Amino acid sequence: MKKATKFLSLVLSLALITVLFAACSTSNKASSASEASESKTTSSDSSASDVSEVKTGNGTARSLDEIKESGKIVIGVFSDKAPFGYIDSQGEYQGYDVYFARRIAKDLGVEVEFVSLEPSSRVEYLETAKVDIVLANFTVTAERAEVVDFALPYMKVALGVVSPDNALITDVKDLEGKTLIVAKGTTAETYFSENHPEINLLKFDQYTETFNALIDGRGDAFSTDNTEVLAWALQNEGYTVGIESIGNPDTIAAAVQKGNTELLNWINDEIKTLADEQFFHKNFEETLAPVYGDAVLPENLVVEGGVIE
Amino acid sequence: MQDLGIRVLFEGNNFARLMGGLGITIQISLLSVLLSIVLGVLFGVFMTLKNPVTRAISRVYLDFIRIMPQLVLLFIVYFGLTRMFGINLSGEVSAVIVFVLWGTAEMGDLVRGALISIPIHQYESSYALGISKKQTYLYIIIPQTLRRLIPLAINLTTRMIKTTSLIVLIGVVEVLKVGQQIIEANRYTAPDAALWIYGTIFFLYFLTCWPISKLAGYLEKKWKN
Numbered sequence: 002m003k004k005a006t007k008f009l010s011l012v013l014s015l016a017l018i019t020v021l022f023a024a025c026s027t028s029n030k031a032s033s034a035s036e037a038s039e040s041k042t043t044s045s046d047s048s049a050s051d052v053s054e055v056k057t058g059n060g061t062a063r064s065l066d067e068i069k070e071s072g073k074i075v076i077g078v079f080s081d082k083a084p085f086g087y088i089d090s091q092g093e094y095q096g097y098d099v100y101f102a103r104r105i106a107k108d109l110g111v112e113v114e115f116v117s118l119e120p121s122s123r124v125e126y127l128e129t130a131k132v133d134i135v136l137a138n139f140t141v142t143a144e145r146a147e148v149v150d151f152a153l154p155y156m157k158v159a160l161g162v163v164s165p166d167n168a169l170i171t172d173v174k175d176l177e178g179k180t181l182i183v184a185k186g187t188t189a190e191t192y193f194s195e196n197h198p199e200i201n202l203l204k205f206d207q208y209t210e211t212f213n214a215l216i217d218g219r220g221d222a223f224s225t226d227n228t229e230v231l232a233w234a235l236q237n238e239g240y241t242v243g244i245e246s247i248g249n250p251d252t253i254a255a256a257v258q259k260g261n262t263e264l265l266n267w268i269n270d271e272i273k274t275l276a277d278e279q280f281f282h283k284n285f286e287e288t289l290a291p292v293y294g295d296a297v298l299p300e301n302l303v304v305e306g307g308v309i310e
Numbered sequence: 721m722q723d724l725g726i727r728v729l730f731e732g733n734n735f736a737r738l739m740g741g742l743g744i745t746i747q748i749s750l751l752s753v754l755l756s757i758v759l760g761v762l763f764g765v766f767m768t769l770k771n772p773v774t775r776a777i778s779r780v781y782l783d784f785i786r787i788m789p790q791l792v793l794l795f796i797v798y799f800g801l802t803r804m805f806g807i808n809l810s811g812e813v814s815a816v817i818v819f820v821l822w823g824t825a826e827m828g829d830l831v832r833g834a835l836i837s838i839p840i841h842q843y844e845s846s847y848a849l850g851i852s853k854k855q856t857y858l859y860i861i862i863p864q865t866l867r868r869l870i871p872l873a874i875n876l877t878t879r880m881i882k883t884t885s886l887i888v889l890i891g892v893v894e895v896l897k898v899g900q901q902i903i904e905a906n907r908y909t910a911p912d913a914a915l916w917i918y919g920t921i922f923f924l925y926f927l928t929c930w931p932i933s934k935l936a937g938y939l940e941k942k943w944k945n
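Sequence lines, in order, name chains A and B.
Take the first sequence: its letters are residues 2 to 310, numbered as in the working numbering.
Take the second sequence: its letters are residues 721 to 945, numbered as in the working numbering.
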């Protein structure tokens, strides 16, 4: 019995060791395979596809010098939020955030490696320094500012209200006593329940439900981020965004790890410099205008030089 | 409208990208499954030991893994290790580690169940014939156990393959995420694409899991005698 136990524990520990090694080597292969496909898809960004994987170290953010030395900056963006950060049919990252990210890399003189982020894990990625910068439609809030450092804003969003053309709502006073559709957990829900209790709110869990509810006539109007309603109204005839901007505008900014002042200052200087060439207006023309057309004025979205009028 | 949706699937590299995503899914899940089966069998035997220390260890391990949602484990390994110990693992490695930890625990419990279901007389007859304990396990108990294990192991395997859709949260872009990227990139121009893309992904998952259950059926038949 004792012998058997000894034998078994020996086998177990041996197996564990081999497996640890196997896991390491095979998943290295796996990650290098994904690396390969990554560099294939982003070949326009990284001319040298054999650049070794950038390890962003051990949880502490990299300094500006370390980034330059490695020749690569790791930027976290969204890969499924068109038109701000998405992947086109050629497999390349595109969008308003991505356009800015590419410019940052260019001005730093390094290549860019994009990491696809989910909304819920953006802070974690910065805290563990798995990315150098997050450029993923990151709305500046007081809670987030406690755990990450935000740079100057490069975009602003406010709420918009969309309604049918035949009963267009152009002022918040028109909404009194009427039903407004909102999605749960959005800034629209908070804003209207706090500031306009006289409006009846009809709340839904998902975006798709809210748009369908408006089409079905279950509410008189629908409110969410103005970019969202403007783009939707453009695609759906008979609906117009009567109120383009309401509520306190939220700003969207790049974020770095808390305490990485060097990189933060660099980004802030960069944003100020870029104002001279109206970079973000150009960005808007390239990435957002094709989607929004004339429905959105750049002044409603773009922030130049980090200054909000 | 219908042709719009399917057009998206074949636009540019979209289909190749979906297949690439499937490749990642299969790579990670099959690697984890294979390791889990090997380790799980060993762990199952380990669990049947009557030593109180090993029992306590296996109990704690199993319950810990069983109680923790896989997502939490993924976050612990991917972000937690970096935060606490400065160990920076790639998303793929973290995923394989978590899935092997999970698979080993669950597989181990299945193996334990199968092992104790082997009637005691099998052991006793074997010992009576002068076969050593090691040989008893290797030639008599484990082969019978494996046969009982197949349906259970297949359930676990397919469950692991499907659970890989969680690893997108630690930055590994697998088939489902690629699908969502394609859908979102075409949200304004082809709102119908979602149905087609998800339909394709459903079919891809089916193609991955179906051969496995076919293989299981074949093995079950072959090992019957």
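Just so you know, even glycine gets a beta-carbon here, dropped at the ideal spot from N, CA and C.
Quick caveat: nothing in here was measured; it's all calculated off a predicted structure.
For secondary structure counted as the alpha helix (DSSP H) over 4 or more consecutive residues, the region 808 to 882 of chain B holds these complete runs in sequence order: 811 to 836 and 840 to 848.
DSSP places B/Lys897 within a helical segment (H, G or I) once states are collapsed to three.
Residue range Tyr240 to Gln258 is occupied by the beta strand (DSSP E) that includes A/Gly248, with no alpha helix (DSSP H) assigned at that position. The straight-line gap separating the alpha-carbon atoms of A/Glu286 and A/Val230 is approximately 19 Å. For A/Ala168, no alpha helix (DSSP H) run applies, since DSSP gives it neither H nor E.
About 7 Å separates the beta carbons of A/Asn201 and A/Leu181, which is inside the 8 Å limit, making them a contact pair.
Residue-level contact by beta carbon fails for B/Leu750 and chain A, as no gap is shorter than 8 Å. Rounded to whole angstroms, the Cβ separation of A/Leu118 and A/Phe79 is 6 Å, and the two are in contact under 8 Å. Closest in alpha carbon position to A/Leu302, among A/Leu109, A/Pro84, A/Asn261 and A/Ala184, is A/Pro84. In this structure, the straight-line span from the alpha carbon of B/Gln864 to that of B/Tyr925 is close to 31 Å.
Rounded to whole angstroms, A/Ile74 and B/Lys770 show a C-alpha spacing of 55 Å.
Not flagged as an interface residue toward chain B: A/Glu238, since no C-beta distance is shorter than 8 Å.
Among the residues of chain A, those whose CB is under 8 Å from the CB of B/Gly732 are Asp89, Ser90, Gln91 and Gly92, following chain order.
With contact defined as three or more Cβ pairs closer than 8 Å, the region 181 to 191 of chain A and the region 211 to 230 of chain A are in contact. Within the DSSP bridge table, the entry for A/Gly77 names A/Val116 and A/Val135 as partners. A/Tyr126 carries a helical assignment under DSSP once its states are collapsed to helix, strand and coil. Rounded to the nearest angstrom, the Cβ distance from B/Val761 to B/Tyr857 is 10 Å, too far for a contact under 8 Å.
According to the DSSP assignment, A/Asp226 belongs to the beta strand (DSSP E) that extends over Ala222 to Asp226. At a cut-off of 8 Å between beta-carbon atoms, A/Asp226 makes no contact with chain B. Scanning its chain for C-beta atoms nearer than 7 Å, with the 5 sequence neighbours on each side dropped, one finds around A/Gly220 the residues Thr180, Leu181, Ile182, Leu203 and Ala214, in chain order.
Residue pairing of A/Gly72 in beta bridges, as defined by DSSP: absent, with no partner found. Secondary structure of B/Tyr908 (DSSP, three-state): coil.
Proximity of A/Glu119 to chain B, defined by a Cβ-Cβ separation below 8 Å, is satisfied.
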